[in-house]
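Comments concern the structure below.
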Amino acid sequence: MISQTVQLPMLSNMFLVILAVLLFIERISATSNISFALEKRVNEFPDLPPVRECHPQRILKGHGFLNWDWVAPDNLALTNKLARSSAPHYDCRDTDQQLTDESVQFLQSQGITHVISVNSEANNPVIREKLGANGIGYTALPTQDMTTPTMQQMINGYKAFRENTNGATLIWCGYGYGRTGVMVSAFEMFQSAELQLPRDFFAREYKARHIETSKQFLVLNKLQNFLKPAHVAGMIARTRKIIDDAQESVSGITSPGQKTTQQVKNAQARMEAALAALDDLKLAFKVEWQLNRVWFDKSLDLLAQIKSTQPPQAQELIDIFNEVREHIDQELERNAPMTSFAEYITATAGSLQNLMKKLRVAAGMDTPSTESAGSSRAQTPGDSDISRDSGIDTASSSQSVPETSAETDIAAGTDIAAQVEVIESFRKKIHDMYTALQKHVRDVRAEVETTLATSVGPLLLPAMNHDLIQVKSVIDEYAKNGMEATDADDFFAALHKIDQLANNAFEYALNIAQMVNNDEKRSVTDYAVARQAINDIRIKLAEMMGYQAKQYVINYIVVQWQEARDVTENAAKEVSILRALASQLMKPTTEIGGYLDEKMGNVDIIKNIFDDKGESPEMLEYDAPVGVSITGTLWLDKKETAQEALQHELESLMAEINAMKEPTKTLVTMAALSAQEAQLAQAVMLNVDDAQRHIMVWRKEAIRQIVDTLDKQVQDERKAKQELEREQKIEAEDQRLTSERGPDWKLELAIEIGFAVLAIVPEISTPIGQAILWARQAIRVVRFLRNALREQVQVPQELSAQINQVQTRLTDSLKDWKLAAPAATRDWAKSKTPNQIFHGLSELGAAGTKPSKSLKELIDDLEAIEIPQEDPNDEEADKSLERLLKRLNRIEVPIDLPESVKIPELAHLRAPRDFQSLIKALRLAARVPHHSSDVDYMQLIEEAVTYLPSQFDIKTTSMAYQLIRTIRLPAITTSRAI
1 MISQTVQLPM LSNMFLVILA VLLFIERISA TSNISFALEK RVNEFPDLPP VRECHPQRIL
61 KGHGFLNWDW VAPDNLALTN KLARSSAPHY DCRDTDQQLT DESVQFLQSQ GITHVISVNS
121 EANNPVIREK LGANGIGYTA LPTQDMTTPT MQQMINGYKA FRENTNGATL IWCGYGYGRT
181 GVMVSAFEMF QSAELQLPRD FFAREYKARH IETSKQFLVL NKLQNFLKPA HVAGMIARTR
241 KIIDDAQESV SGITSPGQKT TQQVKNAQAR MEAALAALDD LKLAFKVEWQ LNRVWFDKSL
301 DLLAQIKSTQ PPQAQELIDI FNEVREHIDQ ELERNAPMTS FAEYITATAG SLQNLMKKLR
361 VAAGMDTPST ESAGSSRAQT PGDSDISRDS GIDTASSSQS VPETSAETDI AAGTDIAAQV
421 EVIESFRKKI HDMYTALQKH VRDVRAEVET TLATSVGPLL LPAMNHDLIQ VKSVIDEYAK
481 NGMEATDADD FFAALHKIDQ LANNAFEYAL NIAQMVNNDE KRSVTDYAVA RQAINDIRIK
541 LAEMMGYQAK QYVINYIVVQ WQEARDVTEN AAKEVSILRA LASQLMKPTT EIGGYLDEKM
601 GNVDIIKNIF DDKGESPEML EYDAPVGVSI TGTLWLDKKE TAQEALQHEL ESLMAEINAM
661 KEPTKTLVTM AALSAQEAQL AQAVMLNVDD AQRHIMVWRK EAIRQIVDTL DKQVQDERKA
721 KQELEREQKI EAEDQRLTSE RGPDWKLELA IEIGFAVLAI VPEISTPIGQ AILWARQAIR
781 VVRFLRNALR EQVQVPQELS AQINQVQTRL TDSLKDWKLA APAATRDWAK SKTPNQIFHG
841 LSELGAAGTK PSKSLKELID DLEAIEIPQE DPNDEEADKS LERLLKRLNR IEVPIDLPES
901 VKIPELAHLR APRDFQSLIK ALRLAARVPH HSSDVDYMQL IEEAVTYLPS QFDIKTTSMA
961 YQLIRTIRLP AITTSRAI
């Protein structure tokens, strides 16, 4: 395993996409004349889909399905219904999806009984469980945004679609276009082929189905070809030629004499092309066998439909298959190579088509003169109810005999079982052929992999090192020219080119690392050249970003700020200039500053790990791999320790920080000041009277003294007001309920909360973060009930029994749910930040370490740790950048400049609803088991526990409480950004 990544900015993969397209075009152009047309069609699609605009405030309204549409039945069986849409309540990210009750009701109203999700978060258990609870099936095929479903995902999705026989199927991704369009197009292709309605999809059809990228176009074209028997037959010869060319190139580099880098690279590229061609061939065989299976099933279904006419005699069917079957038998017996079977792929398809035509004629559905076996689609039986168990790799040689009436058999004068036996016998033979072809592919692939590893591998490392150094030299030249340029456009052009080259360099370095790591004969020193080259490239990038920060200071801040100061007699113009300046600087400043801040944070993490090693070497052995994961360090785990990898990363990080720290801090400082100036100018302009311009100077200075604290005061006042309102409502409700129901009302509420918490007990697979949030509420209820039993003189017997039941079950659940953690958790965690603790526990669980500590034990250990006053090893100089970035992000007024700033309501400070409403909501929610990731359910519990005394909560001064805040923070941040 290679743990990565090198700390580079997120860069474009355009070069790799173009290279893949060109290789594909080159491969098919050798045997066809369509390369130019394909290239032209590919160029009609961009490399990436358009960016979806996020809405600043997102409110869940209605059912939430955007871009809803029913797929036209032109290419589908008449009984199959297919819909497409966005994920429920999608805004701009896959994680936006939320399935509400109204969403489910809408699906039910549309007759949807099955959902296929290609959203990257398709495995969301809440969605799966909510759909399942409402009788809607769910197939998860997680696919990253801006990518395309794989061929295997298309096959699996189509199988799930065909198996849904009781209603309509819905496909969603994120927005409902690209990935959904791929699946819809694939389903139409599969069904058209099964129904023998030959047609080709072109760019216009893809665009009509909202295919968005060139990769999506290419994968669909590939599937379209896989569904053509003649194309699959031709692939065998083309693949054989690719393999032969690759072996010839290897012979060239293994012969005596000096080999150039280009020769070695060409041999590697051809061997990898051979592997890719074999993978495509394997998938093509799967698809073709799937198509043959369906045709066999349709033939049996047609045979069962023959009632008024005499079916063909068994001998007639044998005559259709006999020649093909005999030849396949001969080739299988002599273990013939793949090329020997090519002609029988098309012959098999032709035989099955002839069989189905003969059976349709016998059934009176077609006439002998009908030219196309699929010309009477509307009359083709069994479109929706055949081949439901259409697995790819298993034979169906024991297909059940279709039931027919005795009267039909007598009228026909023929035993249908004989015909069924003939068809099933041929089915088994064809399955044997495809099984043999798959074995051939596996064997040939193993040979190619061995050749690549033993012949090309030893020569490849020097060649790749050479190329990496060449890329570094080109980067150095671009950086030199960019920093010497007098035109800003020239600088940014150089920076963009460096980004592309650095991305390529990273791919080279990662490939070298994998090669070294997986080769038993190599050591970590074989990676030294690549590691040093990547280190130098990272430093050069940091220098460029530092230079960029410096240019922003000079060209944007100093010049434009001075221009604004020179027009102070025109307040409106000054405001306009400063507002534009603040808006222009916000994005680049936060990006560059955030990049530097992230690197300084990684330095803190690594230093923290190393500084603790004297105290406990065992903990270093545990912490170092976690540090590798958190910081994205490249680690050759088979050749070096995690500590050694982190030491290399620390040296690179320090060099990067030194290269860009000062100019970046200057930029962030100046940007914050310019934003402040815009705020200031706006405040003066809104309060100035034309007759009193002479007072502007001293008013400006006075406002300057308060503008720094304006935002913080507004937010603090709002927070304090909400807190006061919440406390007042709770106190009023407490007094009312005590007078109406007596002192036991809190016990009743705590019991209901306890039952609600028990309805979401974490499962084994529940993420650690969700389990810890659940544990907090469970502990709070247990502590309150336990204290009540101790201190209350008399508790009603009914309540006492319920208290004991809830307390016992919650305590058992807290003890039963275990997670992987260091044995000495308290010692390990006391010098960590909450974020480091959370990531450490997560990584330990992901590594498969046996769970040993219960949730209760973990919370007890962390609650015993007092919060450190500062993050470990943070220097004051480094913390200043973090404060400046927070200050810059807080100044939002210059961008929009409303007359009054609206602060969003803080959810955790809202006053809870009344007792009766809470009891009703808790009882209703607790009836059905929920998942601990159900946000609405957790918010209901949080709202209810506010009525319980805060003294029973986790100590706010403890590490446990800070860990809970760290876990909750991403959810809060996300909700505000939506």
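Residue numbering for the sequence shown follows the UniProt record's numbering, beginning at 1 and increasing consecutively.
Even glycine gets a Cβ: it sits at the ideal position worked out from N, Cα and C.
Beta-carbon separation (whole angstroms), residue i vs residue j, contact threshold 8 Å
{"i": "I837", "j": "L963", "result": "6 Å"}
{"i": "L170", "j": "T239", "result": "38 Å between Cβ atoms; not a contact."}
{"i": "I136", "j": "I112", "result": "6 Å"}
{"i": "F226", "j": "V232", "result": "6 Å"}
{"i": "Q551", "j": "A488", "result": "7 Å"}
{"i": "T323", "j": "P229", "result": "Inspection of the sequence shows that residue 323 is occupied by Glu rather than by Thr. Not confirmed; about 17 Å, so no contact."}
{"i": "T339", "j": "A237", "result": "6 Å"}
{"i": "Q168", "j": "Q110", "result": "In the sequence under discussion, the amino acid at residue 168 is Ala, which differs from the Gln named in the question. Right, their Cβ atoms sit about 7 Å apart."}
Whether residue i touches residue j by CB criterion (8 Å)
{"i": "Y508", "j": "D536", "result": "no"}
{"i": "G252", "j": "Q262", "result": "no"}
{"i": "G176", "j": "R93", "result": "no"}
{"i": "M545", "j": "M670", "result": "no"}
{"i": "I954", "j": "E843", "result": "no"}
{"i": "A778", "j": "L922", "result": "no"}
{"i": "L636", "j": "V516", "result": "yes"}
{"i": "A502", "j": "I475", "result": "yes"}
{"i": "I606", "j": "T631", "result": "yes"}
{"i": "I250", "j": "S455", "result": "In the sequence as presented, Ile is not what sits at residue 250; that position holds Val. Yes, they are a contact pair."}
{"i": "I211", "j": "G181", "result": "yes"}
{"i": "M151", "j": "L223", "result": "yes"}
{"i": "L749", "j": "L924", "result": "no"}
{"i": "L76", "j": "Q191", "result": "yes"}
{"i": "T139", "j": "A160", "result": "yes"}
{"i": "T664", "j": "L596", "result": "yes"}
{"i": "R270", "j": "A304", "result": "no"}
Reduced DSSP secondary structure (H/G/I, E/B, other) of residue i
{"i": "E121", "result": "coil"}
{"i": "K61", "result": "coil"}
{"i": "D69", "result": "strand"}
{"i": "K428", "result": "helix"}
{"i": "T113", "result": "strand"}
{"i": "residue 1057", "result": "Because the chain is modelled from 1 through 978, residue 1057 falls outside the range shown and cannot be assessed."}
{"i": "E520", "result": "coil"}
{"i": "L963", "result": "helix"}
{"i": "W635", "result": "strand"}
{"i": "E866", "result": "strand"}
{"i": "S813", "result": "helix"}
{"i": "K207", "result": "helix"}
{"i": "S958", "result": "strand"}
Span of the alpha helix (DSSP H) around residue i
{"i": "Y138", "result": "Taken as a continuous stretch (DSSP letters only), Y138 belongs to no alpha helix (DSSP H), being part of the beta strand (DSSP E) at 137 to 140."}
{"i": "S109", "result": "101 to 109"}
{"i": "R84", "result": "No alpha helix (DSSP H) holds R84; the beta strand (DSSP E) holding it covers 82 to 85."}
{"i": "S340", "result": "Per DSSP, S340 belongs to no alpha helix (DSSP H) and is neither H nor E."}
{"i": "G754", "result": "745 to 758"}
{"i": "M365", "result": "It is not in any alpha helix (DSSP H) - M365 carries neither H nor E in the DSSP assignment."}
{"i": "S249", "result": "229 to 254"}
{"i": "R199", "result": "No alpha helix (DSSP H) holds R199; DSSP gives it neither H nor E."}
{"i": "A77", "result": "From DSSP, A77 is part of no alpha helix (DSSP H); its letter is neither H nor E."}
Span separating the alpha-carbon of residue i from that of residue j
{"i": "Q705", "j": "A672", "result": "With a pLDDT of 44 at Q705, under the threshold of 50, the modelled position of this residue cannot be trusted; read the value that follows with caution. About 15 Å."}
{"i": "residue 990", "j": "Q807", "result": "This structure cannot settle anything about residue 990, because the visible part of the chain is limited to 1 through 978."}
{"i": "M163", "j": "F187", "result": "Just to set this straight, residue 163 is Glu in the shown sequence, not Met. In a straight line, the C-alpha of E163 is about 13 Å away from that of F187."}
{"i": "S473", "j": "A87", "result": "46 Å"}
{"i": "Q315", "j": "I430", "result": "19 Å"}
{"i": "L66", "j": "Y90", "result": "8 Å"}
{"i": "L773", "j": "Q797", "result": "31 Å"}
{"i": "N658", "j": "L437", "result": "59 Å"}
{"i": "R360", "j": "L78", "result": "18 Å"}
Boundaries of the beta strand (DSSP E) in which residue i is found, first to last residue
{"i": "L461", "result": "Note, L461: premise wrong, no beta strand (DSSP E); alpha helix (DSSP H) at 457 to 484."}
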